[in-house]
Each structure stands twice: as C-alpha cells, then as structure tokens.
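As they're listed, the protein sequences go chains A and B.
The first sequence runs contiguously to residue 258 in my numbering.
The second sequence runs contiguously to residue 1390 in my numbering.
Note that beta-carbon positions come from the ideal geometry of N, C-alpha and C, so glycine has one too.
None of these values were measured; they are calculated from a predicted model.
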Amino acid sequence: MERINIAGVSLEMLTAGDGPPLLFLHGGDYFAQHRDFFGKLARRWRVIAPRHPGFGGSARPAGFRTIHDLAYLYLDLLDGQDLQDVVLVGSSFGGWLALEMCVRCLERIGRLVLIDSLGVKFGGREERDIADVYALPSAELLGRTFFDPASAAPDLAALDDDEAKSIARDRAATALYGWRPYMHNPALRQWLHRVHAATLVIWGESDGIVERNYGERLCRSLPNARFELIGQAGHYPQIERPDDVADAIERFARAEVL
Amino acid sequence: MKVWHFSEMAYHPAWPQLGESYRVIIPSRLYDPKIGADLYHRYLDEWALCDELGINIMTNEHHATATCADSVCTIPMAILARETKKVRLLALGMPIGNRNDPIRVAEEYATIDVISRGRLEMGFVKGVPFEIAPANTNPADLMERFWEAHDLILKAMMSHDGPFNWEGTHFHYRQVNVWPRPWQQPHPPVWMPVGSPGSASEAAARGMTIGVLNTGWMRTPAIYEAYRKTAAETGRPATLDKLAYMALIGVGETREDGWRRADQILGYSRTSGIVAPQFMNPPGYASAAQSGQALKTSGAGFRAGRIQSRDGRNIDPRTMSVADAIDAGLAFAGTPDDVYGQLLAFYDHVGGFGHLLMMGQGGLLDHKETVANLTLFSKEVLPRVEDVAG
C-alpha cells in the first residue's frame, strides 16, 4: 500500500485514477472492501483515500485523541498538496470527520458527499440516534450494517494475522476518537450552517446503524444539500452498491445547481 | 504466608433465570432486595468471623452482574473497618481506569485506612473487558488512564502541604487536597491483579504487590518469573510478599466434605465467564494482536484455553469438576493435609509466593458451610501455611 506523510504523520493510503481530486474519508470498518468503489470513482477522479491515524498501518501521534485532530490533519493535507475544488466524500465516521473539516474551512472544498454519516446528535438524551455497535450481538450488527451480510461481510475467520491485527487497530482507533460522546460531537449541530458547499447526502435504504430519518434530518440541517437513497444497501452503500453510489456522485458533480 | 478470605458476594438466587449472559445486560428485576440484604449480611458476618479466625479480608467489585453483587469494593470494607479489629483489609480493588474521579478513590481509601487504624491495602485494577460497557469508559486508552489515576492517587495521599495542581491527559484538578491523609505512611500498600507476564512486569517496576487470579498451574510460573526479572532489573528484588495467588479452597474433616465444599465454591468459576460475546473484546482493550485473534473467532474463543490441565488439556470453566480444578491449580481441596499438600506443591512449582487469596466462599456454598470451611481452615491449615514463606 502507498503511504503519505502529512506534517510528519505517516499514513497508509490508497489512490486511483488521475482526474481532479477526490478525498475519501473512510468509516470505522471495512477499509479493505472499498477497492471496487474506488475503481468506479477513478473513471473521473484522482481518488485519495488515506487510512486515518491509528487505523491499520497508519501512525497515530500521541497527541491525536479527538476527531478535531483528524480534521486539522486533513485540512493540512489539502493545503500541503495545494488541492483545489476537491470533492470531499466521507462515509460513516468519515462523514463526521468531513463535517468537522467543513465547519472549519471550505476554502479548498468544492463539493461535499456524506454517505450514512455520523457525527450529529438530533434526538434527546434517552434516544439513541446511532446504534451502539459495541453492544450488539455479531449477527444483529451485521444485519444492521449490510443489506445482504452474506455477500457483503468479509469472512473474519479467513483473515491472516496481519489483516486481523490491522482491523483490530481500526476498531481501537474508532473507539479512541468516537467512544464518548458516542460517535458525535454535541456542538457540531450548531455549526452546520457553515457548511454551505453543495452537499449530497447519500443513504443506504436498509441502514440499521443510522437510519434514513437521521440522514434526512442531517440533510435538512445543511444549507445546500440534497438527499439520495440507495436501494439494496445498508450502512456502507458504496461497498454493496459501488456503481450506484459512484454514479450518484458523478451526477452530483456534473450538476450546475442542486 | 498471609491468608486472605475472598468472596464475590454473589447474588446466586438469580442464576437459574439467566441464560447466555450473567453480566451487563441482565435486568435488575431479577434482584430481590430482601434476599439481597440477607446475603450481604451473611457475607459480612463471614468476613467479621475472619477477624476472630486470624484470616485477613479481601473484597473486589464487578458491575451489572449477578455473579458479584459487590459493585463498590470500598463499601463492605468501610463496614468491616469498624467491625473488625485485627486483620488486614485488602480491596482488590478499585477499577481506577473506569472511575471518573481518582480523587474520590483517594478519599475513600484514606478514610478506610484511618477508620481501620492503618489496616487497609489498596488495589488498583484494570478490570475485565466486560466492565467497560457498564462504566462506558473508553477502552482504547484504558491503561493510560489507569496509570495516570494511579500516579495522581498516590501523589494525593503523599502530599500534606495543601493543594497541588494536576492537569494531565485524562484528569484535571487545580486544587488537589485530600482529607483525611492516610494512617499508613507514605500510603497503604498497593496491589494490582495481574493476568499476564507483561502486566506483571509493569507492576514490578513500581514495586506493587500482584494478585494473580485464575492462572493456575500452567500460566502462573511465567507471570511470577516476569515479576522477579523486572524487579531485579529495576533494583528492587522481589520479596515473596509481593506475590499473591488466589485459589478456591474447600476443606473438610473428610476428603469428601472438602471436595463437596469446593464443588459449591466452583459455582464462581462456572458462572463468572458467562458473558454475551459482544462484550468480551471491546475495541482497544487488548493488544491489536490479541484482539485480532479474537475477531477471527467472533470473540467466542477469546478466553478459551485460559484454564489448562497440567498435561495441556483445555478445561471448560462452565463444566469444571473439582478434580479438574485441583489439577489446573485453581483449587486446593480435601482434608487439611490434602489442602496443605496441594498448596505446597503449587508453591514449589511457581517459585513461592507470600499471600494466599483464599476463595473460602463462592457460588452456592451457604453460611453454615462457609463458617465450617473457614473455621477448619483456620485451625488445621492456617498455622502450617503461616510458616511457609515466613
């Protein structure tokens, strides 16, 4: 796998294509399942998909403890590579991260795509907007994550030791950044008005981690966003329906107005 | 050797109604406070008896479980600090990476130390993986938090000149000033339960006493060896009083009586690992290598192979017999001579230790039987054990 060094932080990275830049920010799990999707995006874009600090084989500086550190790191990436008019795509935890970047600085971001994003709290204190993935039995977790777990979920028993260790690091890092408050920033909602970039909110119709009404509410909370549902897909529609999601992003990128 | 009596204060009346988890998700409607009160009082009575028998006292804590109804280890200790007069009091202990307020821990421990006139020994525990969900603490930086809390608590106990400042990674106080100061100077002895050579080394580097639980004949020697090695390397050679071992003990006038008691105490071992698998491997709790292996077995195999017979056979704790438990070094049971003989053999096998953490009550062993177990042990085994390791 390629690596990238951002301000002294060494990250694993996947790249594909050579068009205009698209920065993909992954969610907590299933990084290795994105190759099809990146292949589709590569028809039009230069896809840059770093693995976040602490995930997989990416280093985590000791001071990196919150989503805010990741947001500043990727803003540094955009500056460091002098990327302009970037399509920023964030899935799940990566959607939260994309929003944290956008409330800070939109200077280099042309369009924003959120796929089944986390990060915002809408419900009351006794409502659970985001499923507690750490408390669900594994079969239920897979059923909530995928429309068709049998074909989408990797066989963990077949992993080699390095792959298993890499996934364990993904899980640990996701927990480090997102354990409490759980997968959201309580203050983020009040700053969403700053995200005035053209935004596409993509949602898997069968997502049982964050359900469709959360996505619709997120879409309504953003100043310049539209919503698109992907059928026969769960929390990671880009894994289950890579063509549909890549097509939706292409249509969105071509559209002059929302 | 010092001996400590330990019970988890189980709420066993709920056990028949539990299924695949005895922890975390079980509804508290299964707990009847009237039965619970009787149980608390009898367990406290058994510890109070230990003061007369010359057996020291150990408590622990777990959360959201019917296997251990002691959810705050300092509460029974606070009662026993006044109710007992002679024996030492070991709380093993406080899950300081899961508690949000280390200063409160320092205050609780210091207060018990003063009330007991200096009889407290304080345990700091990492906590088993399934303690993460009830505490909702971040498993990915648990040990960082643990060590910062440890440093803060000890400094708070040793500082006697007014407030000091603490702005760490995890804990922030600008006016740390713990009252009362502890009776024992500079602070009560510090213990940590340990289940691996790595954590034994960490404890050794700090001169802590390690309590080794459920590691048996096969896993204990490497843990003690790691402790001794690091202790020597860091210039504080390990004395036997730094090493403790927990065993289930059933003693009787006849071997049959001793085994019958051990069999009931084994209710502890047979239930305490029954946990819904999703709580067994919290992200970041174990090393990436260990956690990765657990993922490959869907968490189910995470704790498999932890109990082994001397010939390397895996023993399922849910169905472990007394013979299995003796073979695995988890239980010493039978007549006083049997118990003493098994203990000595284990002692020689692991290179010696200075504390026996005796689970003299566990599972379904009732009050009368527990009193008989403790009393016979104190008469027939304790005098001989006290001479082992000075």
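| Query | Result |
| --- | --- |
| Within chain A, the residues that residue 1138 (chain B) reaches when beta carbons sit closer than 7 Å | 175, 176, 179 and 180 |
| Members of the stretch 65-79 of chain A that neighbour chain B once the beta carbon cut-off is set at 9 Å | 65 |
| Where residue 1025 (chain B) falls: helix, strand or coil (DSSP) | coil |
| Near-chain C residues of the stretch 121-153 of chain A - C-beta to any C-beta below 8 Å | Absent from the structure is chain C; the protein chains it does hold are A and B. |
| Whole beta strand (DSSP E) elements within the stretch 198-240 of chain A, 3-residue minimum | 198-204 and 225-230 |
| C-beta contact flag for residue 195 (chain A) and residue 227 (chain A) at 9 Å | no |
| Status (buried if at least 16 other CB within 10 Å, exposed otherwise) for residue 1002 (chain B) | buried |
| Of the listed residues A:250, A:237 and A:46, nearest to residue 209 (chain A) (C-alpha basis) | A:237 |
| Distance, residue 69 (chain A) Cα to residue 26 (chain A) Cα | 16 Å |
| In chain order, each alpha helix (DSSP H) run of at least 4 residues that lies wholly inside the stretch 1197-1246 of chain B | 1197-1205 and 1216-1233 |
| Proximity below 9 Å, CB of residue 89 (chain A) to CB of residue 110 (chain A) | no |
| Nearest neighbour of residue 172 (chain A), chosen from B:1282, B:1272 and B:1114 [CA to CA] | B:1282 |
| Rounded Cβ spacing between residue 1093 (chain B) and residue 1123 (chain B) (contact assumed at less than 8 Å) | 2 Å |
| Classification of residue 1017 (chain B) by the beta-carbon crowding that lies within 10 angstroms, buried from 16 upward | exposed |
| Contact list for residue 1149 (chain B) against chain A, beta-carbon separation under 9 Å | Simply none; closest approach about 17 Å. |
| Buried or exposed by the 16-neighbour rule on C-beta atoms within 10 Å, applied to residue 1027 (chain B) | exposed |
| Amino acids of chain A, ordered along the chain, whose beta-carbon sits closer than 7 Å to that of residue 1199 (chain B) | Neighbours of residue 1199 (chain B) on chain A: none; closest Cβ ~18 Å, over 7 Å. |
| For residue 174 (chain A), three-class secondary structure by DSSP | helix |
| Chain-ordered chain B contacts of residue 167 (chain A) [CB-CB under 8 Å] | 1292 and 1295 |
| Reduced DSSP secondary structure (H/G/I, E/B, other) of residue 1372 (chain B) | helix |
| Proximity test, Cβ basis, 9 Å: residue 1101 (chain B) and chain A | no |
| Bridge-paired residues (DSSP) for residue 1377 (chain B) | In DSSP, residue 1377 (chain B) forms no bridge with anything. |
| Proximity test, Cβ basis, 9 Å: residue 171 (chain A) and chain B | yes |
| contact_flag[the stretch 1347-1358 of chain B, the stretch 1284-1293 of chain B] where n(CB pairs < 8 Å) is 3 or more | no |
| Proximity test, Cβ basis, 9 Å: residue 1298 (chain B) and chain A | yes |
| Residue 204 (chain A) versus residue 213 (chain A) - alpha carbon distance | 11 Å |
| Cβ-based neighbour list, residue 1131 (chain B), same chain, cut-off 8 Å, excluding 5 preceding and 5 following | 1062, 1063, 1095 and 1098 |
| Close Cβ partners of residue 1380 (chain B) (< 6 Å) along its chain, the five nearest in sequence each way excluded | 1336 |
| Interface residues of chain B facing residue 161 (chain A) [CB-CB closer than 7 Å] | 1292 |
| DSSP-derived helix/strand/coil call for residue 1298 (chain B) | coil |
| Alpha-carbon to alpha-carbon, residue 152 (chain A) and residue 145 (chain A) | 10 Å |
| 8 Å Cβ cut-off: residues of chain A touching residue 1141 (chain B) | 65 and 176 |
| Within the stretch 32-103 of chain A, ranges of the alpha helix (DSSP H) (whole runs, at least 4 residues) | 35-41 and 67-80 |
| Alpha carbon of residue 104 (chain A) to alpha carbon of residue 1172 (chain B), nearest angstrom | 27 Å |
| Where residue 2 (chain A) sits in the DSSP three-state scheme | strand |
| For residue 1140 (chain B), the three-state DSSP class (helix, strand or coil) | helix |
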